[in-house]
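Written out below as structure tokens is the structure these notes cover.
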Amino acid sequence: MYRTIEEFMMNWSHEANSTQKVMDVLTDASLHQEVVPGHRTLGELAWHIITSLHDMMSKTGLKFDAVGSHGSQVPSSAKEMANSFRQSSESMMTAIKEQWTDESLKEIKEIHGEKWSIGLTLFILNCHTIHHRGQMTVLMRQAGLKVPGVYGPSKEEWVEYGLLKQTD
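Numbers 1076 to 1243, taken from the numbering used here, label the letters of the sequence shown in order.
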């Protein structure tokens, strides 16, 4: 749970940058990658992350310009998705700075049928994004994409640095 706006901003900035790196690697063809039929595709996971920003934060009363809404059509363009995440994330951060204070984070709201503080909602939004970003990296490997490092170098980056032997 976040207790200050600054605490959230520092954490979100790091995580949003990592998520953006993952989004920026997607290709139009990779958006159709799925682990098994009937589960979310890579594109559906990416779009879910993007639309969840507005879906979750609108329940707190935060007003900001976000791209897409929960249940909206998944774009067929990877570039559009990457740009959508960037725009929605930046808009959300600006709105938080303008509309909330540290005291706002203590306010209780009903979110998904439960009573959550805004600080907890921000924490869950961040964890939710991290969770689905991790799922995306698995599907990215299956789609043959180079996975960017998030909390350190990825296997592909270790190979590039000459610190790991390439194996096929």
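All residues carry an ideal CB built from backbone N, CA and C; glycine is no exception. Computed from a predicted model, the values in this text were never measured in an experiment.
Check, Outcome
"Reduced DSSP category for residue 1090 - H, G, I as helix; E, B as strand; rest coil", "helix"
"For residue 1141 and residue 1100, the rounded distance between their alpha carbons", "21 Å"
"Option in 1077, 1132, 1193, 1119 with minimal Cα separation from residue 1164", "1132"
"Where residue 1143 falls, given that 16 or more other Cβ within 10 Å makes a residue buried", "buried"
"Three-pair Cβ contact test at 8 Å for the region 1146-1161 versus the region 1105-1123", "yes"
"Endpoints, beta strand (DSSP E) assigned at residue 1191", "1189-1192"
"In DSSP terms, what residue 1116 is bridged to", "1109"
"Straight-line Cα distance separating residue 1221 from residue 1240", "16 Å"
"Rounded straight-line distance, which links the Cα of residue 1093 to that of residue 1225", "6 Å"
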